[in-house]
Amino acid sequence: MSKLSTKHLLGIKNITVDDINLILSTAQNFKEVINRPIKKVPSLRDVTIANIFFENSTRTKLSFELAEKRLSADVINFSASQSSVKKGETLVDTVKNILAMKVDMVVMRHPNPGACVYLADRVDCSIVNAGDGAHEHPTQALLDAFSLHEKLGSLKDKKILIVGDILHSRVALSNIFCLQKLGAEVAVCGPSTLIPKHIEELNVKVFLNLKKALQWCDVVNVLRIQLERQDIQYFPTIREYTMQYGLSRELLKSIDREDMIIMHPGPINRGVEITSDLADGNSAIILNQVENGVAIRMAILYLLAGSMKSNT
Ligand code: CP
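Set out below in structure tokens:
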């Protein structure tokens, strides 16, 4: 297979295993390209991409921009806080106006779950979801799967644990869909108040005890507490959260698993969900994830541009 089955990347839930494998293998080729002295290829010359961000971002925004530039696309960046959204312009009007300037694709981050699907139904261009509220973050899940594949080979039957604020995490949901499609087993761990009530229906194992969860898994993916999405307090204090769910070397040592592969999508709250020595240690692949984000996003943009051409 050399083409995606979809015109957009809105989430992992509705893409096929073939789509995922095509993105991962294409990213492998692009990773080789961006490690050469000349990192740029002409693949998206004459394609114009708008990155529209209604929420803050460091990794996703910069790696999309870098991916677009490495593919020779023309790039425009839109930040909602400095735009006419502040004067009351709607999302659809905003994007229709951007498209009128002959823009071909839109990469969007938005605080509202479903915003990308809503937009894709109303405008005529490929949309890439760069994170929509607590819903999905498909490019993060794909770069996580790529990074894990580099470490472990096939993910079939591998046991992956996601720890932290699962309730508010788009990374958790997209990772669950992606890892399961690739044959892995997924578990989550955190305070019961931060675990979605019906998550077991997704075939996900639930642990409330971090030590037991770590004894079960091959890899741990640590998430931060998303205080910006919490309207009420879900645990007594940050200190108590850290005592129960913070990852530390002492905890890994106590189960003889100091070499456990550690992931984190960033941004890290050092000393809260993970100690600094672990985040910076040899078992952490956190910066590999960031590095792989560029290759994954190049692959997605390149493949979507291909499906766009074949539809015209
Ligand atoms: N992982 C992630 O989405 O980071 P940013 O919010 O900095 O893009």
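Using this note's numbering, the first residue of the sequence shown is number 28, and each one after it goes up by one. Where is the CB? At the ideal position from N, CA and C, for every residue including glycine. The structure presented is a predicted model; accordingly, all values stated were derived computationally and were not measured.
Under 7 Å Cβ to Cβ from Gly333, same chain only, skipping five residues before and after it: list those, please.
Translated into positions along the sequence shown, residue 333 becomes position 306. Contacts found: Lys30.
Euclidean distance between Cα positions of Pro294 and Ala214
By one-based count along the sequence shown, residue 294 stands at place 267. By one-based count along the sequence shown, residue 214 stands at place 187. So the two alpha carbons sit approximately 22 Å from each other.
Just to confirm before moving on: does the CB-CB distance between Lys34 and Met325 stay below 8 Å?
The residue given as residue 34 occupies position 7 in the sequence shown. The residue given as residue 325 occupies position 298 in the sequence shown. No. Outside cutoff.
Indicate whether Leu169 and Ile203 have their beta-carbon atoms separated by less than 8 Å.
The residue labelled residue 169 in the question sits at position 142 within the sequence shown. The residue labelled residue 203 in the question sits at position 176 within the sequence shown. It is not a contact, given that the beta carbons lie outside the stated cut-off.
Give me the DSSP bridge partner(s) of Arg136.
To locate residue 136, count along the sequence shown from 1; it is residue 109. Paired residue(s): Phe80.
Who's in the neighbourhood of the ligand CP, going by beta-carbon under 5 Å from any heavy atom, listed in chain order?
Ser84, Thr85, Arg86, Thr87, Pro292, Gly293
Whole-angstrom distance between Glu95 and Asp148, CA atom to CA atom:
Taking the first residue of the sequence shown as 1, we reach residue 148 at position 121. Taking the first residue of the sequence shown as 1, we reach residue 95 at position 68. Computed Cα separation, rounded: 24 Å.
Apply the 10 Å Cβ neighbour rule to Gly298 and answer buried if 16 or more other Cβ atoms are within range, or exposed otherwise.
Residue 298 sits at position 271 when you count from the first residue of the sequence shown. It counts as exposed.
Just to confirm, is the Cβ distance from Val130 to Thr166 under 8 Å?
For the purposes of this step, residue 130 is taken as residue 103 along the sequence shown, with counting starting at 1. For the purposes of this step, residue 166 is taken as residue 139 along the sequence shown, with counting starting at 1. Cβ distance not < 8 Å, so Val130 and Thr166 don't count as in contact.
Could you pull out every residue in the same chain whose Cβ sits closer than 7 Å to the Cβ of Asn83, ignoring the five residues on either side in sequence?
Residue mapping note: residue 83 aligns to position 56 of the sequence shown, counting from 1. Excluding residues within five positions, none has a Cβ falling inside 7 Å.
From Val233 to Leu71, what distance separates their C-alpha atoms?
Looking up residue 233 in the sequence shown gives position 206. Looking up residue 71 in the sequence shown gives position 44. Distance between the alpha carbons of Val233 and Leu71: 43 Å.
Going by Cα to Cα distance, which pick from Asp283, Arg251, Glu255, Arg256 is closest to Thr269?
Counted from its first residue, the sequence shown places residue 269 at position 242. Comparing Cα positions, the closest option is Arg251.
Just tell me which of Val112, Gly210, His195 has its CA closest to the CA of Pro218.
Taking the first residue of the sequence shown as 1, we reach residue 218 at position 191. Ranking the options by Cα distance to Pro218, first place goes to His195.
Give me the residue from Asn309, His291, Arg266 with the minimum Cα distance to Glu285.
For the purposes of this step, residue 285 is taken as residue 258 along the sequence shown, with counting starting at 1. Measuring from the Cα of Glu285, the nearest candidate turns out to be Asn309.
Using 8 Å for Cβ pairs, my map puts Val249 next to Val190. What's the rounded Cβ distance?
The count along the sequence shown starts at 1 and reaches residue 249 at position 222. The count along the sequence shown starts at 1 and reaches residue 190 at position 163. Going by Cβ atoms, the distance from Val249 to Val190 rounds to 5 Å, so yes, they are a contact pair.
Here's the rule I'm using: 16 or more other beta-carbon atoms within 10 Å means buried, otherwise exposed. How should Asp171 be labelled?
In the sequence shown, counting from the first residue as 1, residue 171 sits at position 144. So Asp171 ends up on the buried side.
Between Ile125 and Ala54, which are expected to be in contact by the criterion C-beta below 8 Å, what is the C-beta distance as a whole number of angstroms?
The residue given as residue 125 occupies position 98 in the sequence shown. The residue given as residue 54 occupies position 27 in the sequence shown. At roughly 27 Å, the Cβ-Cβ gap does not stay under 8 Å, so Ile125 and Ala54 are not in contact.
Only counting the same chain, and skipping five residues up and downstream in sequence, which positions put a Cβ closer than 6 Å to that of Val155?
Counted from its first residue, the sequence shown places residue 155 at position 128. Same-chain partners within the cutoff: Leu36, Val134.
Classify Phe234 as helix, strand or coil using the three-state DSSP reduction.
Taking the first residue of the sequence shown as position 1, residue 234 is located at position 207. Strand, per DSSP.
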